[in-house]
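Residue numbers (this note's numbering): 10 to 424.
Written below as structure tokens is the structure these notes are about.
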RNA sequence: GUGGAUGUAGCUCAAUGGUAGAGUACUGGAUUGUGAUUCCAGGCGUUGUGGGUUCGAGUCCCAUCAUCCACCCCA
């Protein structure tokens, strides 16, 4: 038996890093007044088709979609934003305050070919700030993201931002036409993939890794020079705030988000240590999403962090917290009976205790205590039982002391 | 969906077509009840699976499956 391809177990030894990230997220997001929301893994297929966009790669070929027993088409969520917005609308969360700040943490599913940093079940940590069109909101969300990953100890990454313009006729639509016209004129010089993209998704050509395409893309029209006045001003204010925050960023006009709902500000965190899938977080503003899912005409901004990718970057930085772990070693039946009692009492007081179940030799018990990285060993034999005290050995200093049984708990508490 | 690479002990990897090995990990021991160093001993395998060539296949050929990497796309 094996797990399904692209779906991985997170094993002891790995899970600690995840717990650290999760605990820090709950603490850090709360500082910005975000509240956690948990939405179902399964939603109606229509939610994602309307939310993400029917022409996107995700919806076209990557969703785990099936009919349930009632005949309804349902889908395992491929991302978090659509579900959060659905819940936001369904439960009238806007009524409490014009601005709603939510974060989520959980598994997402996309049917893709697995590779480095890409799985079919993967995990995202994301947040949504809904209800404010202000560039201050964009900038704070970016600062939150930057501060969060730095708070985890990460510094070797790159923040890239771009503006995608808006849906007004003179903004992105006009720009798209220009890009298309430009690439149509030179289509024969592009790689096979890009020739196809000229009609399907011309913006993606800007992202191509083939040298010839890169060169041609360099002289393609740029969004920042073609977006409307309002979008330009919005972007400028976002940049100003980032400078205020003293956050280092790079404007990358080739950032093209893959989900249809994004407009205006778009951003990514990238690292060159992740292989080909070099973005470990991405986000941006979405102005039409809430309305298109049946809500009010409000706009939001948010991001999602790919947790597997983040864990890869944090590998090695996680140091387990130092704690007292006591190994109880017994020699003989009387002593073994006594350590059962001692362990029960110590555990009730909050100490981590481990012992041997097979009543092996003292040597093998100590060997195991060392292997399990226990900080202290309680050694108990007939002598100690008679004297009513335990030998307590500090594994680091090798110091050994005799502690009467009634004082054991206070002894460890005083450490 | 497309392309490339790789499948041998729990893990990391060896083995000109000729008896499947090492390191590590594991278990036990090195005089009475003291670990991680050292020394000794012990078990470790359907060589991914199924065919084929051969006196003989881990090795060569075909197929199949799995994994990894990359494309597409994204976190």
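For every residue, glycine included, the Cβ atom is placed at its ideal position computed from N, Cα and C.
Is the segment 247-255 touching the segment 202-221, taking contact as three or more C-beta pairs under 8 Å?
no
With contact counted as at least three CB pairs below 8 Å, one residue from each stretch, are the segment 118-128 and the segment 225-233 in contact?
no
Do the segment 162-178 and the segment 223-230 meet, that is, are 3 or more Cβ pairs less than 8 Å apart?
no
Three-state secondary structure (DSSP) at residue 406?
coil
Within its chain, find whatever has a CB closer than 8 Å to the CB of residue 391; leave out the 5 residues flanking it on each side and keep chain order.
340, 341, 343, 344
Sequence ranges, beta strand (DSSP E) only - wholly within the segment 63-130, length at least 3
73-76, 82-85, 109-118
Have a look at the DSSP bridge pairing and note the partners of residue 413.
398
Would DSSP call residue 286 helix, strand or coil?
coil
Where does residue 321 fall in DSSP's three states?
helix
Decide yes or no for the touch test of the segment 305-325 against the segment 361-374: beta carbon pairs closer than 8 Å, at least 3 of them.
no
Assuming residue 401 contacts residue 387 under a Cβ cut-off of 8 Å, what Cβ separation, rounded to an integer in Å, is found between them?
6 Å
Using the rule of at least 16 other Cβ atoms within 10 Å of the residue's Cβ for burial, across every protein chain shown, is residue 381 buried or exposed?
exposed
Buried or exposed, going by whether 16 or more other CB atoms sit within 10 Å of the CB of residue 13?
exposed
Given a cut-off of 8 Å on the beta-carbon distance, is the pair residue 48 and residue 96 in contact?
yes
Measuring alpha carbon to alpha carbon, tell me which residue in 325, 346, 333 is nearest residue 384.
333
Have a look at the DSSP bridge pairing and note the partners of residue 292.
276, 312
When the distance is taken between beta carbons, is residue 312 closer than 8 Å to residue 427?
Here the chain has residues from 10 to 424 only, and residue 427 is not among them.
Who are the near neighbours of residue 211 in its chain, counting only those whose CB is closer than 6 Å to its CB and skipping five residues on each side?
188, 189, 192
Taking just the CA atoms, how far does residue 325 sit from residue 404?
24 Å
Is the beta carbon of residue 82 within less than 7 Å of some heavy atom of the ligand FAD?
The ligand FAD is not part of the structure shown, which contains no ligands of any sort.
Would you identify the three-state DSSP class for residue 158, choosing helix, strand or coil?
helix
Sequence-distant residues of its chain with Cβ nearer than 8 Å to residue 34 (five each side left out):
112, 114, 134, 157
Residue 55 versus residue 279 - alpha carbon distance:
31 Å
May I ask you to list the residues that DSSP assigns as paired with residue 270?
Beta-bridge pairing links residue 270 to no other residue.
Flag this pair as yes or no: are the beta carbons of residue 168 and residue 258 separated by less than 8 Å?
yes
Could you give the DSSP three-state label for residue 48: helix, strand or coil?
coil
Apart from the five residues on each side of it in sequence, which residues of its chain come closer than 7 Å, Cβ to Cβ, to residue 147?
247, 274, 294, 310
Taking residue 237 as part of the alpha helix (DSSP H), name the residues at either end of that continuous run.
That residue, residue 237, is in no alpha helix (DSSP H); it is neither H nor E in DSSP.
According to DSSP, is residue 176 part of a helix, a strand, or is it coil?
coil
Reduced DSSP category for residue 258 - H, G, I as helix; E, B as strand; rest coil:
coil
Beta-carbon proximity list for residue 62, same chain, < 8 Å, skipping 5 on both sides:
68, 268, 269, 270
What residue from 26, 143, 305 has the CA that sits closest to residue 240's CA?
143
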